[in-house]
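Just so you know, the UniProt record's numbering puts 77 at position 77 of the sequence shown, and the rest follows in order with no gaps.
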Amino acid sequence: MNLSPININIPVGLRFYVVVVGCGKVGLEVATRLSRIGFNVTVVDKNPNTLDLLPEDYGGFIVIGDATERETMERAKAIKADLLVTTTEDDSTNYFVSLVGAKIFGIPRVISLVNDRENVPLFIKSGIDVISPIDLTVDTFEHNILEHVEPKVGEKQ
């Protein structure tokens, strides 16, 4: 599996705007990579110390505040977002912010980290695209295992 950043050429004049909620390990990496390939990115996190982890070449904006509060999302200019990515460790927060982003701010696409796989159907039913770390990890293991298994034709059992 290739974990290196993908190179995407964004056409001139296309300025895709992404709001990333949560600046933990996942949110930090998502925001950094999207910023590096040319997306307009705003990170929203309520802990100002975690935002110090953003690299010097991060070219986006930072909003300190609670993404579950309307005023914070207004400061993040959520109404202009093309994409909302929620990456907190709390599924309830991710779900609430995702719904508010889609329904109140009209963000056309929402992708959410879902930490508890039992919550995946709820997110999907609500029209939220899901990233499930457990499912991704298991799928990756399965793919890597099956990739190196050769069929044994004619072998007696």
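Every residue, glycine too, gets a C-beta built ideally from N, C-alpha and C.
Cβ-Cβ distance between residue i and residue j below 8 Å
i    : j    : result
V44  : V18  : no
P48  : T32  : no
L83  : I104 : no
V110 : D129 : yes
V21  : V85  : yes
G38  : T87  : no
Backbone CA spacing between residue i and residue j [nearest angstrom]
i    : j    : result
E118 : L146 : 26 Å
D90  : H148 : 36 Å
Cβ-based neighbour list, residue i, same chain, cut-off 6 Å, excluding 5 preceding and 5 following
i    : result
I64  : P48
I134 : R117
Nonlocal neighbours in the same chain, by C-beta distance under 7 Å from residue i, ignoring five residues either side
i    : result
R75  : V63 and G65
T137 : none
L28  : L53 and L54
### Task
Entirely within the UniProt domain "RCK N-terminal" (15 to 132) and at least 3 residues each: give me those beta strand (DSSP E) ranges in chain order.
Annotation: the UniProt domain "RCK N-terminal" (15 to 132) contains the following complete segments of the beta strand (DSSP E) (minimum length 3 residues), in chain order: 17 to 21, 40 to 45, 61 to 64, 83 to 86, 109 to 113 and 129 to 131.
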